[in-house]
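The structure appears below as structure tokens.
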Amino acid sequence: MKFSFRNIILFSLFSAVILTMVYCGNSEKKTPSSSLITESPYLNHSDSAKYVGMSQCKLCHQDIYNSFIQTGMGKSIERASKQKSSAKFDKHAIIYDKYLDFYYQPVWVGDSMKIMEFRLKGKDTIFKRIEKVDYIIGSGQHTNSHLYNTNGYLYQMPMTYYTQKGKWDFPPGFENGFNTRFSRKIGLECMSCHNSLPDFVQGSENKFNVLPEGVSCERCHGPGSIHIQQRSTGTKTDTSKYIDYSIVNPGKLSIDRQFDVCQRCHLQGNTVLKEGKSFFDFKPGMKLSDHMTVFLPRYKDSDDKFIMASHADRLKQSQCFIKSYKPESDSGSLRQYKNSLTCVTCHNPHVSVKVTGKEVFNTACKSCHGTTNQTFCSEKKEIRIKIQDNCVGCHMPKSGSTDIPHVTVHDHFIRKPVKKEEIEKLKEFIGLYAVNEKNPSDAIKAKAYIQQYDKFDSNPIFLDSAKKYLSDKTVNDVKQNFEELVHLYFIKQDFSKILTYVDQLGKEIVLNSVLTKKSWDNANAWTIYRIADAYSSLGNAQDAFIFYKKANDLAPYIPEFKNKLGTSLMAQKKVPEAMVIFSEILKENPKFVQALNNLGYANLVSGNIQQAEAFYNKALNLDPDYEPLLMNVAGLFIYKKNYTEAKQILNKVVKKNPANMQAKQVLEQVKGIK
Numbered sequence: 002m003k004f005s006f007r008n009i010i011l012f013s014l015f016s017a018v019i020l021t022m023v024y025c026g027n028s029e030k031k032t033p034s035s036s037l038i039t040e041s042p043y044l045n046h047s048d049s050a051k052y053v054g055m056s057q058c059k060l061c062h063q064d065i066y067n068s069f070i071q072t073g074m075g076k077s078i079e080r081a082s083k084q085k086s087s088a089k090f091d092k093h094a095i096i097y098d099k100y101l102d103f104y105y106q107p108v109w110v111g112d113s114m115k116i117m118e119f120r121l122k123g124k125d126t127i128f129k130r131i132e133k134v135d136y137i138i139g140s141g142q143h144t145n146s147h148l149y150n151t152n153g154y155l156y157q158m159p160m161t162y163y164t165q166k167g168k169w170d171f172p173p174g175f176e177n178g179f180n181t182r183f184s185r186k187i188g189l190e191c192m193s194c195h196n197s198l199p200d201f202v203q204g205s206e207n208k209f210n211v212l213p214e215g216v217s218c219e220r221c222h223g224p225g226s227i228h229i230q231q232r233s234t235g236t237k238t239d240t241s242k243y244i245d246y247s248i249v250n251p252g253k254l255s256i257d258r259q260f261d262v263c264q265r266c267h268l269q270g271n272t273v274l275k276e277g278k279s280f281f282d283f284k285p286g287m288k289l290s291d292h293m294t295v296f297l298p299r300y301k302d303s304d305d306k307f308i309m310a311s312h313a314d315r316l317k318q319s320q321c322f323i324k325s326y327k328p329e330s331d332s333g334s335l336r337q338y339k340n341s342l343t344c345v346t347c348h349n350p351h352v353s354v355k356v357t358g359k360e361v362f363n364t365a366c367k368s369c370h371g372t373t374n375q376t377f378c379s380e381k382k383e384i385r386i387k388i389q390d391n392c393v394g395c396h397m398p399k400s401g402s403t404d405i406p407h408v409t410v411h412d413h414f415i416r417k418p419v420k421k422e423e424i425e426k427l428k429e430f431i432g433l434y435a436v437n438e439k440n441p442s443d444a445i446k447a448k449a450y451i452q453q454y455d456k457f458d459s460n461p462i463f464l465d466s467a468k469k470y471l472s473d474k475t476v477n478d479v480k481q482n483f484e485e486l487v488h489l490y491f492i493k494q495d496f497s498k499i500l501t502y503v504d505q506l507g508k509e510i511v512l513n514s515v516l517t518k519k520s521w522d523n524a525n526a527w528t529i530y531r532i533a534d535a536y537s538s539l540g541n542a543q544d545a546f547i548f549y550k551k552a553n554d555l556a557p558y559i560p561e562f563k564n565k566l567g568t569s570l571m572a573q574k575k576v577p578e579a580m581v582i583f584s585e586i587l588k589e590n591p592k593f594v595q596a597l598n599n600l601g602y603a604n605l606v607s608g609n610i611q612q613a614e615a616f617y618n619k620a621l622n623l624d625p626d627y628e629p630l631l632m633n634v635a636g637l638f639i640y641k642k643n644y645t646e647a648k649q650i651l652n653k654v655v656k657k658n659p660a661n662m663q664a665k666q667v668l669e670q671v672k673g674i675k
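Note that this note's numbering has the sequence shown beginning at 2, numbered continuously upward.
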């Protein structure tokens with residue numbers, strides 16, 4: 002079974018920070034002034050430093066707070082309300098999925114926003130599901146997308162409002178037959194950029210105890226507790242002369258570390274975490290490549306193709322950046338260069354782009370290219386006059402991104418205008434490119450290619466590329482590359498190969514090795530789960546149960562794991578134990594259709610017909626097209642000797658999926674019953 006998060010590209014808003022700290026307190030602490038910043042002089046890089054929230058920052062920085070909360074970052078996510086929504090709710094606010102035959106409509110019921118999914122037969126509504134919108138994500142500058150919360154589990158809903166076009170449509174990745182309806186998980190990777198760092202439940206993929214609203218000051222300045230503690234005790238720093246090391250001011254960082262602050266979220270792509278790292282670990286002032294490597298695909302003759310949140314990657318391809326850039330010294334010390342082009346050359350992160358005039362951006366261009374004569378611009382004078390010498394309009398034109406429909410953004414690859422015929426060439430894939438790291442390891446490259454296939458593009462070329470970096474010639478090679486090898490052959494559904502690797506290392510060693518340590522990304526749990534699936538697919542229910550149980554122990558809040566644990570018990574005829582597991586899932590996540598279906602079946606084989614029917618109906622009210630559920634419902638009708646209803650269900654399955662041979666066989670058998 003493949004869990005693919007195809008084309009889930011996140012909306013991000015431009016970020017970088019320069020902040021001159023105001024004085025608080027009475028005594029002055031002098032920190033040695035230096036243009037060289039060593040490994041980590043910042044006190045808030047320590048584990049003892051805590052995040053305090055914007056409400057604490059604004060006590061001293063009220064004016065900056067008032068301005069910042071109006072920016073795209075400050076408005077990145079909020080509780081759903083009429084004030085937050087940028088959308089129009091009229092007769093055009095209905096979209097139709099021709100692949101799944103569902104309509105979607107947003108409605109307000111009092112102060113609650115809801116999204117209604119329905120299906121029509123003629124003029125009759127034959128299915129309806131309504132879910133309350135809990136959060137609106139996106140500032141409204143480009144989009145509003147919608148999330149709902151079930152007992153802390155966060156999911157994206159199948160409607161997005163595109164503000165630039167003023168229209169409703171499917172979210173990116175839901176189009177063209179890939180509509181996941183109400184089941185797309187919104188996990189830590191997404192929330193750690195679209196928000197302040199949330200209170201995430203370890204051992205889950207998308208469960209949160211608390212979800213802050215909006216990107217906060219500390220995303221760019223680091224945890225604020227030590228800074229506040231120093232100010233409250235009267236310690237202060239003259240920031241006109243010295244660096245205040247109680248808090249990070251990105252303006253005092255080197256060019257590379259400044260970029261890392263912005264790149265943390267504005268270098269969206271295929272992110273591979275370093276060993277033992279999580280999306281919580283990076284703090285402003287740290288080296289981003291110590292925590293993660295971000296890959297993007299490169300295509301021949303496709304310089305004009307880019308994803309929305311690729312500002313840093315595009316800017317770094319510009320000659321304006323290349324010629325101004327001064328790299329760090331070989332010793333690794335961090336240096337400040339005033340004339341280098343960075344994000345904050347043009348953007349004040351505390352001020353919304355909506356109120357930033359064009360002259361601000363054009364002045365940044367003219368500071369290097371001159372303003373007094375024709376030589377700084379080769380365009381015809383009459384055209385320059387017509388466009389009022391708008392440098393950005395020509396050299397950073399607006400265009401659509403490859404990942405988000407109905408949105409135009411400024412391309413941050415600064416250059417002379419490209420002719421249209423140069424844009425429309427066929428793409429030839431070159432390879433994945435590590436944007437923020439020059440020489441990533443083979444292991445990191447292998448992970449990147451596997452993730453590219455698993456999350457974004459199911460092209461076998463990525464799996465072939467991954468295998469080149471994953472040797473399995475010796476037992477030591479297998480041990481070194483075990484997780485990636487298991488993942489690779491799980492995707493290929495080569496379960497025998499997976500179990501060969503397990504046998505090479507030894508089953509007990511795998512079960513009790515470092516692979517079984519908990520982690521924020523659940524990488525070890527997924528490896529164990531994939532091994533369990535291999536045993537299950539090859540008919541070994543007992544070993545499957547052992548590995549499913551270990552996976553569930555490592556990640557107890559991933560309902561798929563617990564559900565497979567229950568099905569492995571069913572395979573061993575341990576129905577009462579399985580029913581306990583399925584009930585635990587529904588207590589935790591009551592809308593998990595697979596568990597409702599399985600609990601219905603467990604009740605059916607236990608003779609609890611009414612209970613089985615009740616669980617099946619709950620599941621059908623959530624997903625009327627789930628094939629295993631429909632097959633079980635048909636089985637229930639056959640058990641009740643209601644062959645007419647059974648045939649209707651089986652015909653529906655065969656119509657939607659002609660390759661379902663089991664449905665065809667059962668249908669033929671039912672047709673023969675008089």
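For glycine and all other residues, C-beta sits at the position ideal for the given N, C-alpha and C.
Can you tell me whether residue i is buried or exposed? The criterion is at least 16 other CB atoms within 10 Å of its CB, across all chains shown.
i, result
"Arg80", "exposed"
"Gly676", "In this structure the chain extends from 2 to 675, so residue 676 is not present and cannot be described."
"Lys550", "buried"
"Cys347", "buried"
"Cys266", "buried"
"Lys446", "buried"
"Cys369", "exposed"
"Gly601", "buried"
"Asn67", "exposed"
"Lys565", "buried"
"Trp527", "buried"
Among the residues of its own chain, which have a CB less than 8 Å from the CB of residue i, if the five just before and after it don't count?
i, result
"Lys508", "Asp544"
"Gln573", "Ala542, Gln543 and Phe546"
In terms of residue numbering, what span does the beta strand (DSSP E) encompassing residue i cover?
i, result
"Phe296", "Met293 to Lys301"
"Ile96", "Ile96 to Asp98"
"Gln106", "Phe103 to Val110"
"Phe119", "Ser113 to Lys122"
"Trp169", "Lys168 to Asp170"
"Asn210", "Phe209 to Val211"
"Val667", "Here Val667 belongs to no beta strand (DSSP E); instead the alpha helix (DSSP H) covers Met662 to Lys672."
Using C-beta distances below 6 Å, list every residue in its chain close to residue i, excluding the 5 sequence neighbours before and after it, in chain order.
i, result
"Asn207", "Tyr154, Leu155, Lys186, Ile187 and Gly188"
"Arg130", "Glu118"
"Thr234", "none"
"Glu219", "Tyr52 and Gly225"
Taking the C-alpha atoms as reference points, what is the distance between residue i and residue j?
i, j, result
"Thr144", "Lys89", "12 Å"
"Pro591", "Thr343", "48 Å"
"Lys469", "Ile96", "44 Å"
"Lys493", "Gln481", "20 Å"
"Asp48", "Thr72", "30 Å"
"Ile610", "Met55", "55 Å"
"Ser466", "Gln453", "11 Å"
"Gln595", "His195", "30 Å"
"Tyr52", "Cys58", "11 Å"
"Asp495", "Pro461", "14 Å"
"Leu433", "Leu212", "33 Å"
"Asn45", "Ser146", "34 Å"
"Phe638", "Lys648", "9 Å"
"Leu597", "Lys124", "30 Å"
"Gly540", "Asp534", "10 Å"
In its own chain, which residues sit with a C-beta less than 7 Å from the C-beta of residue i, not counting the 5 before and 5 after it?
i, result
"Val654", "Glu628, Leu631, Met632, Asn661 and Ala664"
"Glu425", "Below a pLDDT of 50, predicted positions are generally treated as unreliable, and Glu425, at 48, falls in that range; the measurement from the model is reported next regardless. Same-chain partners within the cutoff: there are none."
"Ala365", "Thr346 and Cys347"
Could you please give the first and the last residue of the uninterrupted alpha helix (DSSP H) stretch that includes residue i?
i, result
"Glu589", "Val576 to Glu589"
"Cys360", "Here residue 360 is Glu; the residue named in the question, Cys, does not match the sequence. Here the alpha helix (DSSP H) through Glu360 covers Lys359 to His370."
"Arg531", "Ala524 to Ser538"
"Lys133", "No alpha helix (DSSP H) holds Lys133; the beta strand (DSSP E) holding it covers Asp125 to Lys133."
"Pro461", "Pro461 to Lys469"
"Leu148", "Premise fails: Leu148 lies in the beta strand (DSSP E), Thr144 to Thr151, not in any alpha helix (DSSP H)."
Looking only at DSSP bridge pairs, what is residue i linked to?
i, result
"Tyr434", "Leu297"
"Asn271", "Phe296"
"Ile78", "Ile138"
Using a C-beta cutoff of 8 Å, does residue i count as contacting chain D?
i, result
"Ser497", "The question asks about chain D, but that chain is absent: this structure has only one protein chain."
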